[in-house]
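Asks: For the sequence shown, position 15 (counting from the first letter as 1) is numbered 95 according to our numbering, and the numbering increases by one without interruption.
All C-beta atoms in this analysis are idealised placements derived from N, C-alpha and C, irrespective of residue type, glycine included.
Mind looking over this structure? Questions follow.
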Amino acid sequence: MPKYEIDDDGLPRSVVGEWALEKHERLQKYVDITRAARRKFTVHTSLRKYVGGAAYIDLFAGPGRARIRDSNRVIDGSPIVATKAALASGVPFSKVYLADADERLCDAAVRRVKAVGGTVTGYAASAEAAAQHVVAKLNPDGLHFAFLDPCNLEGLTLATIKTLSTLPRIDILLHLSVADLQRNLDRYSAAPHSPLDEVAPDWRSAVDLKQSGKALRAAYVSYWRSKTQELGFTHRGVELVTGSNKQRLYWLVFLSRSEFANDLWDKIRHISGQRQLGL
Ligand SMILES: C[S@@+](CC[C@H](N)C(=O)[O-])C[C@H]1O[C@@H](n2cnc3c(N)ncnc32)[C@H](O)[C@@H]1O
81 MPKYEIDDDG
91 LPRSVVGEWA
101 LEKHERLQKY
111 VDITRAARRK
121 FTVHTSLRKY
131 VGGAAYIDLF
141 AGPGRARIRD
151 SNRVIDGSPI
161 VATKAALASG
171 VPFSKVYLAD
181 ADERLCDAAV
191 RRVKAVGGTV
201 TGYAASAEAA
211 AQHVVAKLNP
221 DGLHFAFLDP
231 CNLEGLTLAT
241 IKTLSTLPRI
251 DILLHLSVAD
261 LQRNLDRYSA
271 APHSPLDEVA
281 PDWRSAVDLK
291 QSGKALRAAY
301 VSYWRSKTQE
311 LGFTHRGVEL
321 VTGSNKQRLY
331 WLVFLSRSEF
341 ANDLWDKIRH
351 ISGQRQLGL
């Protein structure tokens, strides 16, 4: 779990590894490269009177600010990175929706998004519950973008992705924790119940549990992918982010039904030369 401390503005900030920068760089680039698509859904013209908006949905928002561990470097958190990137592109999100299970962090993120000029609603709730509130508020004719960035696999439920998938045009960038799988898969599969059961329901009957290590991880992830594909998403873009000792930390997975959005992700997904896929 990340550590928290108080920032100069009196609000909490998290303490993170430097690999958070990569995640934010991809998020910032994706928000920037999608500006023209967003414009079609946010700018009213005489010909297109009815547009559905383009919202940003960050359901594991954190406090909106962080310090890089073992340094004095203070950086924006994902809700601020995305809000600023959209503003800088000239096409702000029509609305920002945030959630964090920790009320103090959710409140800090909301204040910080407002401070940089975003129009925001926050939910101090689980991602799964917040997704339902957000989808009920969103215009289904819009083009929406969700960022799901839990600390580990717990909380990244398939139910959350299913709820978001009811929106016809939704792109999702999510953090799938390889480190959690590597550390805990044997323990998770031996226990009668584990966080994996909500991430990929029924995986125990779909995957051969007698395998171990790498083969079991690969089978689990492949099953999870098949469940998201059933929702209509393609999986062209998966990036492995590694730590300073080259340890595998997480995958950034891009889910979209749109060829165009997948093409845009392809253009910006490779940074810092990290392209390997693996478990
Ligand atoms: C890795 S941090 C988010 C960092 C943030 N996305 C960023 O890049 O600045 C994960 C956050 O998810 C929150 N969290 C954990 N479980 C959750 C759940 N089930 N639903 C919503 N938030 C949750 C934690 O309180 C923590 O603030």
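#1: Based on Cα-Cα distance, which residue from A259, H213, R93 lies nearest to R184?
#2: Using C-beta distances below 6 angstroms, list every residue in its chain close to G198, excluding the 5 sequence neighbours before and after it, in chain order.
#3: Verify whether the separation of the beta carbon atoms of H255 and D229 is less than 8 angstroms.
#4: State the Cα-Cα distance for the pair Q309 and H315, rounded to the nearest angstrom.
#5: At a threshold of 7 angstroms, does A188 count as lining ligand 1 (C-beta to nearest heavy atom)?
#6: What's the C-alpha gap between A299 and Q291?
#7: Count the CB pairs spanning the stretch 279-289 and the stretch 259-267 that are closer than 8 angstroms, and state whether there are at least three.
#8: Alpha helix (DSSP H) containing H104: first to last residue?
#9: Taking just the CA atoms, how far does F227 sit from V111?
#10: Applying the 10 Å Cβ sphere with the 16-neighbour rule, what's the burial state of Q327?
#11: What do you get for L357, buried or exposed, if any count of 16 or more other CB atoms within 10 angstroms of its CB means buried?
#12: Does the stretch 327-338 come into contact with the stretch 243-259, if we say contact requires no fewer than three beta-carbon pairs (one atom in each stretch) closer than 8 angstroms?
#13: Tell me W331's beta-bridge partners as DSSP assigns them.
#14: Does ligand 1 have a heavy atom nearer than 7 angstroms to the CB of H104?
#15: Let's see if you can read the secondary structure: which residues bound the alpha helix (DSSP H) around E234?
#16: In or out: G353 buried (at least 16 other Cβ within 10 Å) or exposed?
#17: Going by C-alpha distance, which of G293, A280, Y330, A295 is nearest S306?
Replies: Per the coordinate set shown:
#1: As a working note, residue 184 is residue 104 in the sequence shown. R184 has its Cα closest to that of R93, out of A259, H213, R93.
#2: Along the sequence shown, read from residue 1 onward, the residue named residue 198 stands at position 118. Around G198: T163, V176.
#3: What you label residue 255 is simply residue 175 of the sequence shown in a count that begins at 1. What you label residue 229 is simply residue 149 of the sequence shown in a count that begins at 1. Result yes, Cβ atoms of H255 and D229 sit closer than 8 angstroms.
#4: Position 229 of the sequence shown, counted from the start, is the residue given in the question as residue 309. Position 235 of the sequence shown, counted from the start, is the residue given in the question as residue 315. Near 8 angstroms, if we compare the C-alpha coordinates of H315 and Q309.
#5: Position 108 of the sequence shown holds residue 188. Outside the cutoff, so no.
#6: For this step, residue 299 is matched to residue 219 along the sequence shown. For this step, residue 291 is matched to residue 211 along the sequence shown. Distance between the alpha carbons of A299 and Q291: 9 angstroms.
#7: no
#8: Stepping through the sequence shown from its first residue, residue 104 is reached at position 24. Looking at the DSSP string, the run of the alpha helix (DSSP H) that includes H104 is 100-113.
#9: Looking up residue 111 in the sequence shown gives position 31. Looking up residue 227 in the sequence shown gives position 147. Looking at the two C-alpha atoms, the distance is approximately 11 angstroms.
#10: The residue labelled residue 327 in the question sits at position 247 within the sequence shown. Classification of Q327: exposed, given that the 10 Å Cβ count is below 16.
#11: Your numbering for residue 357 matches position 277 in the sequence shown. Note that L357 has pLDDT 41, beneath the 50 cutoff, so the model's placement of it is unreliable and the number below is only indicative. Label assigned to L357: exposed.
#12: yes
#13: Position 251 of the sequence shown, counted from the start, is the residue given in the question as residue 331. Looking at the DSSP assignment, W331 forms a beta bridge with L256, L320.
#14: On the sequence shown, position 24 is the one that residue 104 refers to. Yes, Cβ of H104 sits closer than 7 angstroms to a heavy atom of ligand 1.
#15: Here residue 234 refers to the residue found at position 154 of the sequence shown. Premise fails: E234 is in no alpha helix (DSSP H) and is neither H nor E.
#16: In the sequence shown, residue 353 corresponds to position 273, counting from 1. Note that G353 scores 47 on pLDDT, short of 50, meaning its location in the model is unreliable and no value can be drawn from it.
#17: As a working note, residue 306 is residue 226 in the sequence shown. Among G293, A280, Y330, A295, the Cα nearest to that of S306 belongs to A280.
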